[in-house]
Amino acid sequence: MRSDREAEYVEPADPFCGRCTAMTEVTTAPSTFTVSMIGTSLLGWGSRCQECGSDGRVLWFIFGIPLIPLGRYRVISTGGREYYGRKRLAGRRVSALTAALQPVPDVPAEVRDEAYRRADELWLSGEPRDALRLFEEVRASHEASSAADDPAVMHLRLRVAQALLATHHRHAALALFEHVAAAAALRLGPNHPVSQWAADAAGRAADSWTSPKQLARLLAVQADPTAEIPTDQDVRAATHQIRLHASAARAHLRIGKIKQALWYVDNALGASYDLHGPGHPDTAVLRHTLHTVAEAASPQDKNLQDEIHACQQTWRPK
Ligand SMILES: [Zn+2]
């Protein structure tokens, strides 16, 4: 039988914005085909998202005419007949990811200045791009004068991560959520509301947009564990790369690729030593990630244990 393929889905990568991700779930999207006016087809239904450009579509069973709706999707055409697709959640259900866009608990009094209030207003009125810019400014000014694990800095980093999530920068958002979750657990204890909120947001960001395997693959595209991270140029770019590496380490850890996880965290630690030094709280977070990798490694794997030991020796606190 000759099938006339209209659209072929590929694995969801990273093209959807936070809001569209929150309304949908990862799915093995169906390929559509019709033969002699019988089959399945995606037809228009909803509006185009201003942020990521995805369109609402309904998958129909076609029998001469669209006969039975099979599900609602958000799709982004990648040109030709290929699409990225995510299945719309039923009714008013929104995905777990939405929680990561909710208010961050425990706003420290010292961050509540004029700029913060303005950023928060922009955030609440649905202007995440402008909010991101302002939250970044406030964060940078606090980071210039406070420790990286100061509660005010951690709070502002979480606000930045939220705004990143809402504006299409999901890898950066995930990396930052994960980073603050670890930093907060080290500084405030794992049961503190901020630690729990950050860990929850990180977990939801990791789980709800793609499969663990695909996530590790996507992060691997952006972070190369064999090439040194340049730390003598743009500090922000280096910091971002370090966090991406740490995020890639955790993603590989989750799918049981301990050796690769070790390479990522090793590379991140090297750059963090150069950039911040061994005693910096951000370096301590990476050392903690290394510790997690070490705990997951099989004691029987002698080579891996040696590699881990060497890494722990090189990057021990001085
Ligand atoms: Zn969107």
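Using our numbering, the letters of the sequence shown correspond one by one to residues 75 to 392.
Glycine included, every Cβ here is placed at the ideal spot set by N, Cα and C.
Three-way DSSP call (helix, strand, coil) for residue i in this model
{"i": "Val254", "result": "helix"}
{"i": "Val181", "result": "coil"}
{"i": "Ser151", "result": "strand"}
{"i": "Ile112", "result": "strand"}
{"i": "Ala141", "result": "Before going further, note that residue 141 is Leu rather than Ala in the sequence given. Reduced to three states, the DSSP call for Leu141 is strand."}
{"i": "Ser215", "result": "helix"}
{"i": "Leu163", "result": "coil"}
{"i": "Glu99", "result": "strand"}
{"i": "Ser282", "result": "helix"}
Counted within 10 angstroms of its Cβ, other Cβ atoms place residue i as buried (16 or more) or exposed
{"i": "Val268", "result": "buried"}
{"i": "Gln334", "result": "buried"}
{"i": "Gln374", "result": "exposed"}
{"i": "Met97", "result": "buried"}
{"i": "Phe398", "result": "Outside the displayed span of the chain (75 to 392) sits residue 398, for which this structure offers no information."}
{"i": "Asp306", "result": "exposed"}
{"i": "Ala315", "result": "Reading off the sequence, residue 315 comes out as Gln, not Ala. Counting Cβ neighbours within 10 Å, Gln315 comes out buried, since at least 16 surround it."}
{"i": "Lys392", "result": "exposed"}
{"i": "Thr300", "result": "exposed"}
{"i": "Gly54", "result": "For the chain, the structure presents residues 75 to 392; residue 54 sits outside this window and is missing."}
{"i": "Asn341", "result": "buried"}
{"i": "Leu141", "result": "exposed"}
{"i": "Ser219", "result": "exposed"}
{"i": "His350", "result": "buried"}
Proximity of residue i and residue j at Cβ, strictly below 8 Å
{"i": "Val234", "j": "Arg213", "result": "yes"}
{"i": "Ile303", "j": "Leu336", "result": "no"}
{"i": "Val227", "j": "Glu217", "result": "yes"}
{"i": "Pro286", "j": "Ala311", "result": "no"}
{"i": "Leu360", "j": "Gln386", "result": "no"}
{"i": "Leu293", "j": "His245", "result": "yes"}
{"i": "Arg328", "j": "Ala173", "result": "no"}
{"i": "Ala323", "j": "Val367", "result": "yes"}
{"i": "Lys331", "j": "Ala273", "result": "no"}
{"i": "Ala240", "j": "Leu171", "result": "no"}
{"i": "Val178", "j": "Trp271", "result": "yes"}
Between the CA atoms of residue j and residue i - distance to the nearest angstrom
{"i": "Ser372", "j": "Thr152", "result": "42 Å"}
{"i": "Leu238", "j": "Ser321", "result": "15 Å"}
{"i": "Asp187", "j": "Asp308", "result": "28 Å"}
{"i": "Arg203", "j": "Leu116", "result": "31 Å"}
{"i": "His242", "j": "His319", "result": "19 Å"}
{"i": "Asp129", "j": "Asp298", "result": "33 Å"}
{"i": "Phe34", "j": "Arg146", "result": "Here the chain has residues from 75 to 392 only, and residue 34 is not among them."}
{"i": "Val132", "j": "Ala275", "result": "30 Å"}
{"i": "Arg122", "j": "His362", "result": "43 Å"}
{"i": "Glu184", "j": "Gly263", "result": "21 Å"}
{"i": "Cys94", "j": "Val181", "result": "27 Å"}
{"i": "Phe90", "j": "Lys376", "result": "42 Å"}
{"i": "Arg357", "j": "Trp389", "result": "The question names Arg, but residue 357 is Thr in the sequence shown. Going by the C-alpha atoms only, they are around 9 Å apart."}
{"i": "Tyr190", "j": "Phe209", "result": "7 Å"}
{"i": "Asp348", "j": "His354", "result": "11 Å"}
{"i": "Arg160", "j": "Asp224", "result": "38 Å"}
{"i": "Gln379", "j": "Leu260", "result": "25 Å"}
{"i": "Leu232", "j": "Val109", "result": "51 Å"}
{"i": "Leu230", "j": "Ala205", "result": "12 Å"}
{"i": "Ile139", "j": "Arg317", "result": "51 Å"}
{"i": "Ala255", "j": "Ala221", "result": "16 Å"}
{"i": "Ala257", "j": "Ser282", "result": "23 Å"}
{"i": "Ser215", "j": "Ala193", "result": "14 Å"}
{"i": "Arg162", "j": "Gln236", "result": "22 Å"}
{"i": "Gly127", "j": "Trp134", "result": "22 Å"}
{"i": "Pro352", "j": "Thr313", "result": "15 Å"}
{"i": "Glu125", "j": "Arg148", "result": "13 Å"}
Residue span of the beta strand (DSSP E) that contains residue i, given as start and end
{"i": "Phe137", "result": "129 to 137"}
Endpoints, alpha helix (DSSP H) assigned at residue i
{"i": "Arg93", "result": "92 to 96"}
{"i": "Arg328", "result": "309 to 328"}
{"i": "Leu232", "result": "225 to 240"}
{"i": "His383", "result": "376 to 388"}
{"i": "Leu171", "result": "From DSSP, Leu171 is part of no alpha helix (DSSP H); its letter is neither H nor E."}
{"i": "Asn265", "result": "Element bounds for Asn265: n/a, residue is neither H nor E."}
{"i": "Lys287", "result": "286 to 296"}
{"i": "His365", "result": "355 to 370"}
{"i": "Gln334", "result": "332 to 349"}
{"i": "Glu302", "result": "Segment: none, Glu302 is in no alpha helix (DSSP H) and carries neither H nor E."}
{"i": "Glu188", "result": "188 to 198"}
- Pick out every residue whose C-beta is nearer than 6 Å to a heavy atom of ligand 2: which are they, in chain order? Absence of ligand 2 from the depicted structure is noted, with ligand 1 being the only ligands included.
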